[in-house]
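S.K.: From first to last, the protein sequence lines stand for chains L and U.
Residue numbers for the first sequence follow the working numbering, so the first one is 3 and each next one is one higher.
Residue numbers for the second sequence follow the working numbering, so the first one is 66 and each next one is one higher.
Supplied in structure tokens, the structure appears directly below.
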Amino acid sequence: MVVDEVPAEVVDAVFRALADSTRRDILRRCAADQPSVSRLARAYPMSFAAVQKHVAMLERAGLVVKVRRGREQLVHTDAAAVERARQALNDLAATWLGRVERMSDVLATEATK
Amino acid sequence: MTITSVETDYDSLTVTLIADFDHPIDQVWELWSDPRKLERWWGPPGYPATVEKHALTPGGEVTYSMIGPEGDQHRGMWRVTSVDPPTSLQFTDTFADSYGAPLEDAPVSEISIRLLEHDGGTRMVMRMTFETREDMKRIADLGTIEGLRQGVGQMDGLLAP
Chain L
3 MVVDEVPAEV VDAVFRALAD STRRDILRRC AADQPSVSRL ARAYPMSFAA VQKHVAMLER
63 AGLVVKVRRG REQLVHTDAA AVERARQALN DLAATWLGRV ERMSDVLATE ATK
Chain U
66 MTITSVETDY DSLTVTLIAD FDHPIDQVWE LWSDPRKLER WWGPPGYPAT VEKHALTPGG
126 EVTYSMIGPE GDQHRGMWRV TSVDPPTSLQ FTDTFADSYG APLEDAPVSE ISIRLLEHDG
186 GTRMVMRMTF ETREDMKRIA DLGTIEGLRQ GVGQMDGLLA P
């Protein structure tokens with residue numbers, strides 16, 4: 003997996019960044035669109051500075067990139083980075099689904115003995 | 066067998082899985098309490114497992130090894146936190162060196178299993194949590210080795226209509 007090539011502290015930053023519902027919402031908005039920080043700030047019942055802080059955390063984690071356009075900073079989600087983080091948790095779920103299926107197989111063989 | 070739900074929660078770093086089996090609770094418990102049965106399902110396909118120590122008592126250890134397709138050996142161990150047959154088992158799972166001792170830097174996950182009678186069969190609720198996000202990431206890295214990839218294929222099979 004590509005995550006292997008990413009330094010541990012970056013991966014940690016990714017999970018910290020994702021562990022907040024506002025930041026996850028920002029990721030969704032900035033995947034569909036490329037809003038400016040000030041337009042983003044208007045979407046949440048919190049201060050501009052607070053939204054800016056969330057965006058900065060996402061940026062440090064590599065989940066969003068900021069693009070300067072004129073006097074504005076546009077925020078855009080790095081879809082591949084988000085996908086890698088989700089994949090990590092999904093892989094674990096898949097491991098357990100595999101185990102449960104094999105448990106079921108063992109139970110089935112026991113029954114026919 | 067039916068998978069009732071699988072949930073992954075980023076906030077609490079938890080995977081929760083609920084599965085319903087048609088079999089009585091004692092038989093489902095034996096999948097955990099009988100080392101010969103446990104080794105038939107714990108490892109991914111292509112990684113046959115051998116359970117060595119198997120002490121399902123508080124503070125007890127369960128050690129296992131898995132041989133991969135390239136002859137690569139993977140060892141792990143549980144430390145049992147609490148056990149109440151046939152309804153609950155809690156343990157930490159981590160990787161071990163070739164002597165079966167826990168690796169110092171290895172990620173640790175906490176696993177809690179509950180079994181209850183349900184609809185004439187048995188419901189199993191599995192919760193897996195991580196101490197840190199770094200632990201989760203390291204386990205997930207291992208989850209991408211060839212053998213575990215097949216788990217994803219199995220999931221597709223299970224969820225297919």
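C-beta atoms are modelled at their ideal positions from N, C-alpha and C, and glycine is treated no differently.
1. Are any of the Cβ atoms in chain L nearer than 9 Å to that of M193(U)?
2. Restricting to Cα atoms, I'd like to know which of I28(L), L42(L), A82(L) is closest to E74(L).
3. Once you ignore the five residues that flank P123(U) on each side, which residues in its own chain have a CB closer than 8 Å to its CB?
4. Looking at the C-beta of E2(L), does it have a partner C-beta in chain U at a distance below 9 Å?
5. From what residue to what residue does the alpha helix (DSSP H) around E135(U) run?
6. Can you list the residues of chain U that E74(L) reaches, using a CB-CB cut of under 9 Å?
7. Tell me whether the stretch 67-84 of chain L and the stretch 22-42 of chain L touch, counting them as touching only if at least three CB pairs, one residue from each stretch, are closer than 8 Å.
8. Kindly list the residues whose CB is nearer than 7 Å to the CB of L103(U), restricted to its own chain and excluding five residues on each side of it in sequence; keep chain order.
9. Please tell me whether D22(L) and H56(L) are closer than 9 Å, where the distance is taken between their beta carbons.
10. Taking Cβ positions only, does K102(U) come closer than 9 Å to chain L?
11. With distances taken between CB atoms, is the gap from E182(U) to Q155(U) smaller than 9 Å?
M.R.: So, from the listed chains and residues:
1. yes
2. L42(L)
3. V145, T146, S147, V148
4. Outside the displayed range of chain L (3 to 115) lies residue 2(L), so it cannot be described from this structure.
5. E135(U) -> no alpha helix (DSSP H), and no H or E assigned at all.
6. Correct list: empty, because the minimum Cβ distance to chain U is about 30 Å.
7. yes
8. L96, W97, V116
9. yes
10. yes
11. no
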